[in-house]
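Chemist: Under the UniProt record's numbering, the first residue of the sequence shown is numbered 1, with each subsequent residue one higher.
Even for Gly, the Cβ is constructed at its ideal location relative to N, Cα and C.
The model shown is predicted, which means the values in this text are computed figures rather than measured ones.
There's a structure below that I have some questions on.
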Amino acid sequence: MSFHFGNFATPWWFLLFAGVGALLAGYLLVQRVVRTRTLRFASAPLLDRLVSSRPGWRAHIPVALLLVAFALLTIGLAGPTAEQKIPRNRATVLLVIDVSLSMKSTDIPPSRLEVAKTAAKTFADEVTPGVNIGLISFADSPTVLVSPTTDRTSVKQGLDSMKTGTSTATGDAIATAISTIDSFGRIIGGAEGPPPARIVLMSDGKENYGTRKSTDAADDAKKAGIPISTISYGTDQGVVDDGSSTSRQVPVDDKALKDIADRSGGSFFKAASADQLRGVYDSLREQIGFEVKVSDASRPWLTVGSLLALLAIGSALVLGQRLP
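Dropping the structure here:
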């Protein structure tokens, strides 16, 4: 849980700072008048006694404390707010991972798929415990390996079971993810309704198979209120052995994945190394695992301001002075 100070709910209370300034100006004026009259009418012996008996800088302590107290109370009355980052207790995330033959490429050693498995496992371990994680793999067709669950062991076992296949049916995979989220939301929704959901789609190649276009599926996700965070994973130097005498180049398709993210209201990420992929998952963990709420942050200002006001009164009594 962390805090970040933001705006003020009732900023018009800052007009009271004019009163604080007026008090300070009035006090300085009174001090000047008293000093002028003392110098004008007091005899030299009397002036010496007055100067030696004055408390010096301590005489200004009560007023200084009171002015600071008024300033703090003014800030408190203005209603400062703070952004509070709170772990989510209800959320659903569908990891949708491309397992087409291009994921066997070793441009990210030992292979794109193996590094993807490791990064996804770390994400599952570190994301907020209340988040339900599901897993779908896809090549020429999507397979729901793990339905949304808080059981991280099941998710990691599902990741270990992923095998490569032919073709890339991205649109069908997105459609399956939407259907899975909808079914899960109906089961656990309750009075609060289904939990907020997100699809995390990681792929390295162009869509070349399936009955549903990825753009249409992304539009469906937008209508369902399910943003898709896409990860373009791999390098333009990727190659894969497809069984022929020569290797086939398997560059990433940034444009298609960015389009999916934009159409669904999600975010696009690019990862060309294991470290970059871990960084992407760290960013997603922050986005998915926490929610930001605006809370009232006036209590500390009001508390300290009130204590300083009491201290000002107490010091005035001790020093035998009047507060303005």
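Starting from the Cα of D160, find the closest Cα among D296, L16, T118 and give me that residue.
Modeler: When each option's Cα is compared against that of D160, the closest is T118.
Chemist: Residues in the same chain with beta-carbon distance under 6 angstroms from S111, minus the five sequence neighbours each way, listed in chain order, please.
Modeler: K104, listed in sequence order.
Chemist: So, helix, strand or coil for T230, using DSSP?
Modeler: Three-state DSSP puts T230 in a strand.
Chemist: For S203 and E192, I'd like the C-alpha separation in whole angstroms.
Modeler: So the alpha carbons of these two residues sit roughly 33 angstroms apart.
Chemist: Just verifying my parser: in three-state terms, what is the DSSP assignment at D220?
Modeler: In this structure, D220 counts as helix in the three-state DSSP scheme.
Chemist: From this set, D220, G279, S247, which residue's C-alpha is nearest D262's C-alpha?
Modeler: For the residues D220, G279, S247, the minimum Cα distance to D262 belongs to D220.
Chemist: Determine the contact status of G305 and L73, defining contact as a CB-CB distance below 8 angstroms.
Modeler: Yes, the pair counts as a contact, with Cβ atoms nearer than the cut-off.
Chemist: I'd like the span of the beta strand (DSSP E) that includes D98, first residue to last.
Modeler: From DSSP, the beta strand (DSSP E) with D98 extends over 91-98.
Chemist: Under 8 angstroms by Cβ, that's how I've got E207 and G165 pegged, so tell me the actual separation to the nearest angstrom.
Modeler: Actually they do not touch by this definition, with Cβ atoms about 14 angstroms apart.
Chemist: Would L47 be called buried (16 or more neighbouring beta carbons within 10 Å of its own) or exposed?
Modeler: In this predicted model, L47 has a pLDDT of only 49, less than 50, meaning its place in the structure is not dependable; the value taken from the coordinates is given anyway. Exposed, since its Cβ has fewer than 16 Cβ neighbours within 10 Å.
Chemist: In angstroms, rounded to a whole number, what distance separates the CA positions of L308 and I174?
Modeler: So the alpha carbons of these two residues sit roughly 60 angstroms apart.
Chemist: Going by DSSP, what residue range makes up the beta strand (DSSP E) through P62?
Modeler: Careful: P62 lies outside any beta strand (DSSP E), inside the alpha helix (DSSP H) at 61-77.
Chemist: Which term fits D293, buried or exposed, when burial requires 16 or more other beta carbons within 10 angstroms of its beta carbon?
Modeler: Note that residue 293 is Lys in the sequence shown here, rather than Asp. Answer is exposed; the Cβ neighbour count stays below 16.
Chemist: Helix, strand or coil for L47 per DSSP?
Modeler: With a pLDDT of 49 at L47, under the threshold of 50, the modelled position of that residue is not reliable, and the figure given next carries that caveat. L47: helix per DSSP, three-state reduction.
Chemist: Starting from the Cα of N7, find the closest Cα among S295, L317, A312 and give me that residue.
Modeler: Comparing Cα positions, the closest option is S295.
Chemist: Would you check if the distance between the CB atom of G130 and the CB atom of R186 is smaller than 8 angstroms?
Modeler: Not closer than 8 angstroms, so no.
Chemist: At a cut-off of 7 angstroms, would you count L95 as near the ligand FMN, judging by its Cβ distance to the nearest heavy atom?
Modeler: For the ligand FMN, the structure offers nothing, since it holds no ligand at all.
Chemist: Determine the DSSP secondary structure at K293, reduced to helix, strand or coil.
Modeler: Strand, per DSSP.
Chemist: Threshold first: 4 residues or longer. Then list the alpha helix (DSSP H) segments lying entirely within the region 120-181, N to C.
Modeler: 152-160, all fully within the region 120-181.
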